[in-house]
Amino acid sequence: MKVCSDRLQVRTRGKGTYEFSDELQSIVAKHQVRTGLVTAFVRHTSCSILLMENAAPAARRDLERFFDQLVPEAGNYEHDDEGPDDMPAHIRMALTRTSETIPVADGELQLGTWQGIFLFEHRRASHTRHIELTIIGE
Amino acid sequence: MKVCSDRLQVRTRGKGTYEFSDELQSIVAKHQVRTGLVTAFVRHTSCSILLMENAAPAARRDLERFFDQLVPEAGNYEHDDEGPDDMPAHIRMALTRTSETIPVADGELQLGTWQGIFLFEHRRASHTRHIELTIIGE
Amino acid sequence: MKVCSDRLQVRTRGKGTYEFSDELQSIVAKHQVRTGLVTAFVRHTSCSILLMENAAPAARRDLERFFDQLVPEAGNYEHDDEGPDDMPAHIRMALTRTSETIPVADGELQLGTWQGIFLFEHRRASHTRHIELTIIGE
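Protein chains in written order, with our numbering: chain A, 1 to 138; chain B, 1001 to 1138; chain C, 2001 to 2138.
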């Protein structure tokens, strides 16, 4: 049994979903863990991590539209230090996830056929998002 | 310390919540981990895993009605390849959880008095849902 | 590699967010795990655990208002055994998280600059909330 720490960055160019399944798989392979778990944890409160359908871009557009409507930027927020997309970003983060934990077997992420792992960016500006990875297994 | 992989299936018959706490406890007991964590991860993007109140069926019916109203099938979705329940299923998944991690002590899941673990099915048709289990501990 | 179990309690005084980042850091330090993961799991279905912005109290007030409006207590719920805040509490829990998993490096929680870990209480009455902690690492 061992524990490995690593990290990756996702560069975002505005609101939307950015897949990093391949990057995550490469890092897991590098650490040579055959059986275990990898946890991806994003160190921010205005973006999320999410497992989502990765074959149909239309599904991700619908997801993004849904969150735009459920948590509108035109809301009446007390906290708007960084503009109208500031508070909605925190709420959309709270409604989704800060980390995902994925099983590893035979050195491979055990994602389903249609699953990919995404950074869900909730801010309008470009950002470099930092994701901590922890792999535990043998 | 050891890591154990296993899996279970939940057969669903339409939208709703399906408890699998007892099956999960049996598998944890089989692997003889006394202290640690079990992660249940569902390999699909149109159903969820959720810890929920397991004593009152009315609470689960209210939960299901809330999601039916919050993410209506009669929405104006771009992605509807598999019918009107296709895109709402992905959104309801995003709003809940793809995995749950539960502590184990003395070989028992450390669920609270009213907690059960459920497969939350968002599709109308019957499905066999695949859940990967990873148990880490000693 | 080792696994450590511990627990902490959060005493709540009505609906709102209660930070316990410092208490969690102290317990992680006590167990002398340098590299690994800590999972905080709440044994209840009417409150949540959530990573959230911890610098601006206004951001937390906006978050709480959003959930009050999205899941109103004045809803038409079948399950209301414990009053009008009973069923909304379960739904708000389902929309947020029962556990959070945070990486540990150099013995420190790897939280981002603006991240804190909170108990999100959804009930009006005061409660003592029980959180199970599991630390895995070396």
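Ideal Cβ positions, reconstructed from N, Cα and C, are used throughout, including at glycine.
Counted within 10 angstroms of its Cβ, other Cβ atoms place residue i as buried (16 or more) or exposed
| i | result |
| --- | --- |
| K2015 (chain C) | buried |
| P1088 (chain B) | buried |
| G2083 (chain C) | exposed |
| Q115 (chain A) | buried |
| S1126 (chain B) | exposed |
Chain-ordered chain A contacts of residue i [CB-CB under 9 Å]
| i | result |
| --- | --- |
| H1031 (chain B) | The premise fails here: H1031 (chain B) is roughly 13 Å from chain A at the closest Cβ pair, so nothing lies under 9 Å. |
| E1073 (chain B) | Ordered by position in chain A, no residue passes the 9 Å Cβ test against E1073 (chain B), which lies about 13 Å from the chain. |
Rounded separation between residue i and residue j - CA only
| i | j | result |
| --- | --- | --- |
| L119 (chain A) | F67 (chain A) | 15 Å |
| R2129 (chain C) | I1102 (chain B) | 16 Å |
| T1134 (chain B) | H2031 (chain C) | 23 Å |
| I1131 (chain B) | Q1009 (chain B) | 6 Å |
| S99 (chain A) | D2085 (chain C) | 28 Å |
| G1112 (chain B) | M1 (chain A) | 30 Å |
| S2021 (chain C) | L1070 (chain B) | 32 Å |
| R2013 (chain C) | Y77 (chain A) | 24 Å |
| D1106 (chain B) | D81 (chain A) | 48 Å |
| S2048 (chain C) | H2090 (chain C) | 9 Å |
| A2094 (chain C) | R11 (chain A) | 30 Å |
| S2026 (chain C) | F41 (chain A) | 21 Å |
| T39 (chain A) | L1109 (chain B) | 21 Å |
| H2079 (chain C) | L24 (chain A) | 43 Å |
| P1057 (chain B) | A58 (chain A) | 35 Å |
Residues of its chain near residue i, where Cβ-Cβ distance is below 8 Å and the 5 sequence neighbours each way are ignored
| i | result |
| --- | --- |
| T1017 (chain B) | L1050, M1052, R1060, L1063, E1064, F1118, L1119, F1120 and E1121 |
| E1138 (chain B) | M1001, K1002, V1033, R1034, T1035 and G1036 |
| A2074 (chain C) | P2084 |
Closer than 8 Å at the beta carbon, the chain C residues around residue i
| i | result |
| --- | --- |
| T1096 (chain B) | A2094 and L2095 |
| I91 (chain A) | D2062, L2063 and F2066 |
| I1136 (chain B) | V2003 and I2136 |
| H44 (chain A) | G2112, W2114 and Q2115 |
Identity of the residue in the options nearest residue i by Cα
| i | options | result |
| --- | --- | --- |
| G2036 (chain C) | A:N54, A:A56, A:S5 and A:D22 | A:S5 |
| E1019 (chain B) | B:R1124, B:M1087 and B:A1055 | B:A1055 |
| R1007 (chain B) | A:R7, A:V104, A:E23 and A:D80 | A:V104 |
| R2097 (chain C) | C:I2136, C:V2028, C:A2074 and C:R2043 | C:R2043 |
| P2072 (chain C) | C:R2092, C:P2057 and C:A2058 | C:R2092 |
Chain C contact residues for residue i, given Cβ-Cβ distances below 7 Å
| i | result |
| --- | --- |
| L1050 (chain B) | A2094 |
Under 8 Å by beta carbon: chain A residues contacting residue i
| i | result |
| --- | --- |
| D1081 (chain B) | A56 |
Where residue i meets chain B, residues with beta-carbon distance less than 7 Å
| i | result |
| --- | --- |
| T35 (chain A) | V1003 and S1005 |
| E53 (chain A) | T1045 and H1090 |
Residues that residue i contacts on chain B, provided the C-beta gap is smaller than 8 Å
| i | result |
| --- | --- |
| T2039 (chain C) | L1037, T1101 and P1103 |
Contact list for residue i against chain C, beta-carbon separation under 9 Å
| i | result |
| --- | --- |
| Y77 (chain A) | A2058, A2059, D2062, R2065 and F2066 |
Cβ neighbours of residue i in the same chain (closer than 6 Å, five flanking residues each side left out)
| i | result |
| --- | --- |
| R1123 (chain B) | S1046, D1085 and A1089 |
Own chain residues within Cβ distance below 7 Å of residue i, not counting five before or after
| i | result |
| --- | --- |
| A29 (chain A) | G107 |
| I136 (chain A) | V3, G36 and L37 |
Chain-ordered chain A contacts of residue i [CB-CB under 7 Å]
| i | result |
| --- | --- |
| E1132 (chain B) | P103 and Q110 |
Proximity test, residue i beta-carbon vs the ligand FMN heavy atom, cut-off 8 Å
| i | result |
| --- | --- |
| I102 (chain A) | The model depicted lacks the ligand FMN and carries no ligand whatsoever. |
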